[in-house]
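According to our numbering, the sequence shown is numbered sequentially starting from 328.
All C-beta atoms in this analysis are idealised placements derived from N, C-alpha and C, irrespective of residue type, glycine included.
No experiment lies behind these values; they were computed from the predicted model shown.
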Amino acid sequence: MTTKTDSTDAPTTEGSNIVVLKTSMGDIEIELFEKEAPQHVANFKKLVKSGFYEGTTFHRVIPGFMIQGGDPNSKDSDRSNDGQGGPGYTVPAEINAKHVKGSLAGARMGDQVNPKRESSGSQFYIVTGEASHLDGQYTVYGKVTKGLDIALKIENVKRDAMDNPIDKVTIKKVEFKK
């Protein structure tokens with residue numbers, strides 16, 4: 328996996344730093360922290376603009392903790408590889424903000440295989456409960472400003488022993504708020 332550091336990948340300037348995740352269970356509005364995590368925000372905006380997230384799911388949900396999505400592998404019916412996909416690169420760590428309820432952060436591989444704590448190029452999670460134990464370990468690059476109730480509904484769907492929702496919760500579209 329490569330690290331996204333090439334400045335020729337210019338960030339999109341479309342829209343604002345507010346995006347709306349339109350899910351099969353309702354909308355979640357998120358403010359992106361461009362100042363605190365510019366590379367993460369530029370990457371997320373690029374993926375939003377390209378439609379990358381359309382049809383992906385929240386493939387991992389843990390009540391009282393978080394919901395995780397953004398894996399292109401989650402678009403198909405094969406659940407065995409959900410959580411393992413991405414765009415083929417990682418994003419350098421920009422660890423600054425704390426994990427509070429509603430935080431948007433970059434998912435990543437563990438420290439043993441990822442000592443630089445680089446984030447997945449596309450996978451993210453939204454904190455739905457207590458997660459201060461993640462402070463200083465993962466990059467937070469946004470926060471939910473509306474629709475936290477939707478994230479809480481998503482975290483409470485029926486799931487299997489691996490925390491995968493039994494019935495898929497799909498991200499239908501992600502849009503920049505005008």
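#1: What are the start and end residues of the alpha helix (DSSP H) that includes glutamine 366?
#2: Could you name the residues of the same chain whose beta carbon sits closer than 6 Å to that of asparagine 408, not counting the 5 residues immediately before and after it, in chain order?
#3: Quick check: the Cα distance between lysine 373 and lysine 485, rounded to an integer number of angstroms?
#4: Going by the C-beta, is leucine 374 closer than 7 Å to any heavy atom of the ligand GTP?
#5: Once the 5 residues before and after valine 388 are set aside, which same chain residues still bring their CB inside 7 Å of it?
#6: Could you check what DSSP says for alanine 434 in three-state terms: helix, strand or coil?
#7: Return helix, strand or coil for arginine 406, following the three-state DSSP convention.
#8: Taking 8 Å as the cut-off, decide whether the C-beta atoms of proline 433 and histidine 386 are in contact.
#9: If you draw a straight line from the alpha carbon of phenylalanine 451 to that of valine 471, how long is it in whole angstroms?
#10: When DSSP labels each residue in this structure, what does serine 334 get in the three-state scheme?
#11: How far does the beta strand (DSSP E) with glutamate 421 in it reach, from first residue to last?
#12: Beta carbon of glutamate 421, beta carbon of alanine 364: below 8 Å?
#13: Does histidine 460 pass the burial test, meaning 16 or more other C-beta atoms within 10 Å, or should it be called exposed?
#14: Run through DSSP, which three-state label would serine 449 get?
#15: If you follow the beta strand (DSSP E) that glutamate 457 is part of, which residue opens it and which one closes it?
So, from the data block:
#1: Walking along the sequence shown from the start, residue 366 turns up at place 39. Start and end: 365 to 377.
#2: Residue 408 sits at position 81 when you count from the first residue of the sequence shown. Closer than 6 Å at Cβ, skipping near neighbours: Asn400.
#3: Residue 373 sits at position 46 when you count from the first residue of the sequence shown. Residue 485 sits at position 158 when you count from the first residue of the sequence shown. So the alpha carbons of these two residues sit roughly 32 Å apart.
#4: By its list of ligands, the structure shown contains no ligand whatsoever, and the ligand GTP lies outside what it can speak to.
#5: What you label residue 388 is simply residue 61 of the sequence shown in a count that begins at 1. Cβ neighbours of valine 388 beyond the five flanking positions: Ile394, Ile481, Glu482, Val484, Arg486, Asp490, Pro492.
#6: Stepping through the sequence shown from its first residue, residue 434 is reached at position 107. Residue state, collapsed to three classes: coil.
#7: To locate residue 406, count along the sequence shown from 1; it is residue 79. Reduced to three states, the DSSP call for arginine 406 is helix.
#8: Numbered from 1 along the sequence shown, position 106 holds the residue referred to as residue 433. Numbered from 1 along the sequence shown, position 59 holds the residue referred to as residue 386. Note that residue 433 corresponds to glycine in the displayed sequence, not to proline. Going by C-beta atoms, glycine 433 is not nearer than 8 Å to histidine 386.
#9: Taking the sequence shown and counting its residues from 1, one reaches residue 451 at position 124. Taking the sequence shown and counting its residues from 1, one reaches residue 471 at position 144. Cα-Cα distance, rounded: 13 Å.
#10: Position 7 of the sequence shown holds residue 334. Low local confidence applies: a pLDDT of 37 at serine 334 is under 50, so the model's placement there is unreliable, with the coordinate-based value given in what follows. If DSSP states are grouped into helix, strand and coil, serine 334 belongs with coil.
#11: Position 94 of the sequence shown holds residue 421. Element bounds for glutamate 421: n/a, residue is neither H nor E.
#12: Position 94 of the sequence shown, counting from 1, holds the residue named residue 421. Position 37 of the sequence shown, counting from 1, holds the residue named residue 364. A contact, by the Cβ cut-off of 8 Å.
#13: Taking the sequence shown and counting its residues from 1, the one referred to as residue 460 is at position 133. So histidine 460 counts as exposed.
#14: Numbered from its first residue, the sequence shown carries residue 449 at position 122. It is coil, neither helix nor strand.
#15: As a working mapping, residue 457 is identified with position 130 in the sequence shown. Taken as a continuous stretch (DSSP letters only), glutamate 457 belongs to no beta strand (DSSP E), as it is neither H nor E.
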